[in-house]
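Student: Just passing along the structure, written as structure tokens.
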């Protein structure tokens, strides 16, 4: 009887483990200051996020950007929680191999580059002045997150990747192609080494992105199913005062980005000009409802392979 009871208990545990969601790696979390870490870890626990990549944030105005406060916070948090938080401090357009080496010596696994958005784009991505940094990143296979507005700078990105095909590059927000599946498909085909994160972004941008993905629902799902090894889950959560606040807003943000991939529907802000919240009101979108064999690499495995050289 005891053996039978033990067998039942073991069977129940196995069944429960099978139902439990697989652990997730989130490759896109901003940390502007260290006081966001406890709430971030709690939110990760609530949503089964095993590991998060922390990105340095700019402070100041274009032309006088600094990253010191956020980079220090990112490096300290990853050092204090090495199994859960991974440091990607930021580099700017004036930084070269020496700055990269200094950050890696302090524990950086990879870097976030602020070079591909209009307000921070003071030179082309393939400008010769950036060549020493790109060469060092490619030679050392350093994981890189590079936000690129591909509406404006797709040609620059293409020239960069042609010159440095070894770059271990992740381009966030479907590489800026959430509202153009033609562009997403073109980037996937043209650059076999390029990876994409699936983050929606801040509320206004995410609302436009989720709406764009919804309009091309079948094509987007087909691309992810055909290339599951090319996509990594990201949330673009800002764990600090300028992003979502504490509690429900963080949960709302994280669950929406997860449900885009795993659920038939997701809840998030929608654009609504009559809303009292800056043109946004709560709404619903279609999710991609990806199968388990497609979800597993996107939610964790691809990120772990990408991070493996520096972890």
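Numbering (this note's numbering), first residue to last: 6 to 316. Glycine is no exception: its CB is placed at the ideal position from the N, C-alpha and C atoms.
1. What are the boundary residues of the alpha helix (DSSP H) that includes residue 180?
2. Figure out for me which residue from 53, 75, 28 has the closest Cα to the Cα of residue 42.
3. From which residue to which residue does the beta strand (DSSP E) around residue 35 run?
4. What is the DSSP secondary structure of residue 109, counted as helix, strand or coil?
5. Could you give the distance in angstroms between the alpha-carbon of residue 159 and the alpha-carbon of residue 227?
6. Roughly how many angstroms lie between the CA atoms of residue 186 and residue 225, to the nearest whole one?
7. By how many angstroms is the C-alpha of residue 32 removed from the C-alpha of residue 163?
8. Buried or exposed: which applies to residue 194, given that a residue is buried once 16 or more other Cβ atoms fall within 10 Å of its Cβ?
9. For residue 56, which residues from the same chain have a beta carbon less than 6 Å from its beta carbon, with the 5 sequence-adjacent residues on both sides left out?
10. Quick check on DSSP: helix, strand or coil for residue 147?
11. At which residues does the alpha helix (DSSP H) containing residue 169 begin and terminate?
12. Per DSSP, which one or two residues make a beta bridge with residue 51?
13. Return yes when the Cβ of residue 288 is within less than 9 Å of the Cβ of residue 241, no when it is not.
14. Let's see if you can read the secondary structure: which residues bound the alpha helix (DSSP H) around residue 309?
15. Have a look at 87, 36, 285 and flag the residue whose alpha-carbon is nearest the alpha-carbon of residue 209.
16. Give the single residue among 54, 94, 86 whose Cα lies nearest to the Cα of residue 73.
Tutor: So, to answer that:
1. 177-181
2. 75
3. 29-35
4. helix
5. 23 Å
6. 7 Å
7. 23 Å
8. exposed
9. 30, 89
10. coil
11. No alpha helix (DSSP H) contains residue 169, which DSSP labels as neither H nor E.
12. Answer is none; residue 51 lacks a bridge partner.
13. no
14. 307-312
15. 285
16. 94
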